[in-house]
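Q: Please find one structure pasted underneath; my questions will follow.
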Amino acid sequence: MNERLKSRPPVKRRRRSTALRVLKELMKNPLSAVCLLFVVFLVLVIIFADKIVPYELGIKMNGSARLLEPCAEHIFGCDNLGRDMFSRMVHGTRNSLSMGIGVTAVVMVAGTVLGAICAYYGGVLDMVIMRICDLFLCIPGILMALALVAALGPGRKNLLIAIGISSIPGVTRQFRALMLNVISNDYITAARAAGARDGYIIIRHVLPNVMAYIVLTATSSISGMIMQISGLSYIGMGIQHPEPEWGAMLSDARTFMADGPHLMIIPAVTILLVSLAFNLLGDALRDALDPRLKGE
Numbered sequence: 023m024n025e026r027l028k029s030r031p032p033v034k035r036r037r038r039s040t041a042l043r044v045l046k047e048l049m050k051n052p053l054s055a056v057c058l059l060f061v062v063f064l065v066l067v068i069i070f071a072d073k074i075v076p077y078e079l080g081i082k083m084n085g086s087a088r089l090l091e092p093c094a095e096h097i098f099g100c101d102n103l104g105r106d107m108f109s110r111m112v113h114g115t116r117n118s119l120s121m122g123i124g125v126t127a128v129v130m131v132a133g134t135v136l137g138a139i140c141a142y143y144g145g146v147l148d149m150v151i152m153r154i155c156d157l158f159l160c161i162p163g164i165l166m167a168l169a170l171v172a173a174l175g176p177g178r179k180n181l182l183i184a185i186g187i188s189s190i191p192g193v194t195r196q197f198r199a200l201m202l203n204v205i206s207n208d209y210i211t212a213a214r215a216a217g218a219r220d221g222y223i224i225i226r227h228v229l230p231n232v233m234a235y236i237v238l239t240a241t242s243s244i245s246g247m248i249m250q251i252s253g254l255s256y257i258g259m260g261i262q263h264p265e266p267e268w269g270a271m272l273s274d275a276r277t278f279m280a281d282g283p284h285l286m287i288i289p290a291v292t293i294l295l296v297s298l299a300f301n302l303l304g305d306a307l308r309d310a311l312d313p314r315l316k317g318e
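Residue numbering for the sequence shown is 23 to 318, as defined by the numbering used here.
And the structure:
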């Protein structure tokens with residue numbers, strides 16, 4: 023018995039080998055490798071934004087540099103108030119992307135917990151939570167978020183609360199369906215019969231079998247969250263001035279499309295590239311984590 027236990031590979035080693043295998047699979051494909059490196063670059067921009075360019079340049083107004091086109095001094099030009107566009111884009115990355123990643127993390131954790139509770143315990147608790155989710159799912163997510171922001175008021179905190187509340191029901195229902203398939207297996211029944219605690223079964227047997235799908239959902243959801251944040255900020259319901267944010271920058275650029283097209287092109291292309299990178303990275307992760315889905 024002891025020899026058999028010793029022969030089993032440690033859990034940490036198996037997880038490490040899986041991560042290395044997935045990383046190798048991603049790097050084999052040039053497109054997924056570029057997307058992964060681009061995402062890593064964005065994360066570094068978030069961390070070192072203050073080191074790259076001072077935040078003050080993005081909020082300091084300069085009338086003489088109004089609508090200045092890209093040049094050596096201002097590589098992205100200046101906006102209608104003479105603020106440096108490069109600084110605003112760098113710190114806008116910190117706002118838009120960190121908010122997108124943060125709200126996605128909260129939604130994934132809440133959806134995983136609620137989905138596990140519904141799938142494992144079932145009964146009245148499952149019925150009540152699912153009916154509440156159905157109630158929220160009757161309204162499209164973006165409309166629900168817009169209504170909540172309108173009720174709570176514009177701002178970073180209220181924006182994140184609104185998007186989180188509107189996104190959790192759909193994720194909860196999705197993860198519940200995945201976990202129901204796992205819980206119906208015989209080894210879950212055997213673990214229950216052996217007297218294992220509910221929390222132990224969920225953490226050690228249920229979650230590891232759906233973790234790949236959770237990672238895929240999270241990666242693909244980030245782009246949608248960024249689009250929602252930018253969309254609500256575009257109509258004035260998100261981050262308020264003078265803080266830089268991609269959607270708000272697009273909104274400010276509408277009036278100056280003819281005189282300063284770079285004001286709209288730069289944030290629009292950035293939103294497009296970031297969303298595309300996360301979507302393509304999600305597809306590549308799907309193929310790496312579950313090769314049976316490759317090509318579908």
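C-beta atoms are modelled at their ideal positions from N, C-alpha and C, and glycine is treated no differently.
Since we're looking at a predicted model, the values are computed, not measured.
Do M121 and V193 have their C-beta atoms within less than 8 Å of each other?
A: no
Q: Hey, L58 and L303: beta-carbon distance below 8 Å or not?
A: Note that the C-beta distance between L58 and L303 is below 8 Å.
Q: Would you list the residues sitting across from D106 in a DSSP beta bridge?
A: C100
Q: Take N24 and list the residues in its own chain whose beta-carbon comes closer than 7 Å to its own, dropping the five residues that flank it on each side.
A: Residue placement at N24 is poorly supported in this model, since its pLDDT is 44, which falls under 50; the coordinates are not used for a value here.
Q: Taking only the alpha-carbon atoms, compute the straight-line gap between E47 and G144 and give it to the nearest angstrom.
A: 38 Å
Q: Should the region 139-155 be regarded as contacting the region 200-211, the criterion being three or more beta carbon pairs within less than 8 Å?
A: yes
Q: At the level of alpha carbons, what is the spacing between I210 and N231?
A: 12 Å
Q: Counting along the chain, where does the alpha helix (DSSP H) carrying G192 start and finish?
A: R178 to I205
Q: State the Cα-Cα distance for the pair V171 and T292, rounded to the nearest angstrom.
A: Going by the C-alpha atoms only, they are around 25 Å apart.
Q: Assuming F60 is part of the alpha helix (DSSP H), what are its boundary residues?
A: P52 to I69
Q: By the 10 Å Cβ neighbour count, where 16 or more other Cβ atoms means buried, how is Y222 classified, buried or exposed?
A: exposed
Q: Are the CB atoms of L181 and G260 within a distance shorter than 8 Å?
A: yes
Q: Taking the alpha-carbon positions, what's the A280 to R88 distance?
A: Between A280 and R88, the alpha-carbon positions lie close to 14 Å from each other.
Q: Quick check on D208: buried or exposed, where buried means 16 or more other Cβ atoms within 10 Å of its Cβ?
A: exposed
Q: Do S189 and G217 count as a contact pair if the criterion is CB distance below 8 Å?
A: no
Q: Below 8 Å between beta carbons: does that hold for N301 and S206?
A: no
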